[in-house]
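Each residue of the sequence shown is one higher than the one before, starting from 0 at the first, in our numbering.
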Amino acid sequence: MIHKQRTSPVTPDDKVDMDQRVEQWIQDYGHDLKWLAYSYVKDHSLAEDITQETFIKAYQKYSSFKEESSVKTWLYKISINLCKDHLKSSYMKRVVKKGTELFRSLPSTQYTPEEYVLNQSEDEELFQHILALEGKYREIIILYYFEEFDTNELADVIQASPNTVKTRLRRARQLLQKQMTSEGGTSE
0 MIHKQRTSPV
10 TPDDKVDMDQ
20 RVEQWIQDYG
30 HDLKWLAYSY
40 VKDHSLAEDI
50 TQETFIKAYQ
60 KYSSFKEESS
70 VKTWLYKISI
80 NLCKDHLKSS
90 YMKRVVKKGT
100 ELFRSLPSTQ
110 YTPEEYVLNQ
120 SEDEELFQHI
130 LALEGKYREI
140 IILYYFEEFD
150 TNELADVIQA
160 SPNTVKTRLR
170 RARQLLQKQM
180 TSEGGTSE
């Protein structure tokens, strides 16, 4: 006899078990997913929203999770896709880009460029360089160095071959080095 997957309604015990599972995911991966989302959208409150949406989507779609990868990899895929969807949205094209153009024309009341560089620590400076990279290179650096994914896990997350991951990682390192040495050369 062929058995179908669960077609009956979710029992209260199943719901409690799933709630506990999601709470554990939030505890284990919440901070890292928020940091990852921030690296894409560069807005703390929006990164929090995307992180919450990641867990909601994971909760809703857990029955379709095939366990071909780890839960961590699966959650990162969801988060990255939500970030990319947000960046492609018409809201981003209409509101954010127009707003950015407006604010570029306003004079800054913050620090002068020299004061800004002097006030940043090396870690903050490195993070700014990473955020300035093109998206595909920024994502590789963050996932490889900060989230400690290996090249095979990265290939699964970004849906590319391991050789593509290695190539992007090498190019990202070169771009970072170029950015940092060109800045270092001008500050002497």
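Positions of the beta carbon are idealized from the N, C-alpha and C atoms, including for glycine.
The structure displayed is predicted, hence computed values, not measured ones.
In the DSSP annotation of this structure, the continuous segment of the alpha helix (DSSP H) that includes GLU47 starts and ends at 43–60. Taking 8 Å as the upper bound for CB-CB distance, VAL164 and ILE141 are not in contact here, some 13 Å apart.
The criterion of a C-beta distance shorter than 8 Å is not satisfied by TYR75 and VAL21. The beta carbon of TYR39 is closer than 6 Å to those of CYS82 in its chain, skipping five residues each way along the sequence. PHE64 counts as exposed, since fewer than 16 other beta carbons sit within 10 angstroms of its beta carbon. Taking the C-beta atoms as reference points, LYS41 is found nearer than 8 Å to LEU130.
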